[in-house]
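Using our numbering, read the sequence shown as starting at 29 and increasing by one per residue. Notes for the one structure printed next.
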Amino acid sequence: MKKYEHQNPAITGLSRHRPKYTNFLASKNELLTMEDTMNKRTKALTTEQYKDIIQTMREGFSGCRPNERIATALVLEGNLGLRISDILKLRPCDIVRDGDRYRLEITEQKTGKRRVFTVPLVIQQYIENYCLRNGIERNALIFPITERAIQKQLHIVCDYLGFEGISTHSFRKWYATEIYKANGYDIALVQRLLQHSSAAVTQRYIGIEPQRIETAIQNHAQLI
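The structure is reproduced here in structure tokens:
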């Protein structure tokens, strides 16, 4: 297998004339750009695809063992709306009781933004039961696995199911899309949940026309 090599001559040139740490920073920025590009191309799941992927991953198939850990991590991404990088940092102790509710406080790995939000009881119990079944201590990582390993397993399952254009980020997009549809097509609500800088950013992210535009297009149809 060939090692990854930069094809960008500007980045290659930096390594000849700059200290090594400069090349590291350039590589990191390049990877972040590649990640953003991949996320933009990634499709949001349909609910049926979400169910099929999770069920197949839990049950396994010929040549692919069942993997409850990865399935559970993806379920949480799809139900909390966090990036997979933040899901992988979660520990049971991060979810704390606050009166009659549960609260999660994190600092997003990608943006550095602080987020505090309520975790529905059903999700808290889901996480707690998973940790009890797998002997995960309160201060331990819930998912001691790499993002690369999750992407690889997801690719295998999607290839088996015949799904294209899907990555871990599809689960976050599914979360955003379902919240949007279930709450009166309120784009501002989804914007706050995802902590986007503007509603326009969120609109492009989920790739859905505002409901009033959808309605206008549908009402205009006069086929002969």
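Ideal Cβ placement from N, Cα and C applies to all residues, glycine included.
query, result
"According to DSSP, residues forming a beta bridge with residue 124", "131"
"Distance, residue 94 Cα to residue 81 Cα", "12 Å"
"Local conformation of residue 199 per DSSP, three classes", "helix"
"Backbone secondary structure at residue 37 - three-state DSSP", "At residue 37 the pLDDT is 36, less than 50, meaning the model places this residue with poor confidence; the figure from the coordinates comes in the next sentence. Three-state DSSP puts residue 37 in a helix."
"DSSP three-state assignment for residue 53, whether helix, strand or coil", "The predicted position of residue 53 is uncertain, since its pLDDT is 45 and thus under 50; a value taken from the coordinates is nonetheless stated next. DSSP places residue 53 in helix when its eight states are reduced to three."
"Other residues of its chain near residue 61: CB distance less than 6 Å, five sequence neighbours each side excluded", "Note that residue 61 has pLDDT 44, beneath the 50 cutoff, so the model's placement of it is unreliable and the number below is only indicative. None."
"Classification of residue 245 by the beta-carbon crowding that lies within 10 angstroms, buried from 16 upward", "exposed"
"Straight-line gap, residue 17 to residue 168 (C-alpha atoms, nearest Å)", "Nothing about residue 17 can be reported from this structure: the residues present for the chain run from 29 to 252 only."
"Cβ neighbour criterion (16 or more within 10 Å) applied to residue 111", "buried"
"Spatially closest choice to residue 149 from 173, 140, 133 and 124, by CA coordinates", "124"
"Cα-Cα separation between residue 99 and residue 177, rounded to whole angstroms", "12 Å"
"Residue 162 versus residue 139: straight-line alpha-carbon distance, rounded", "31 Å"
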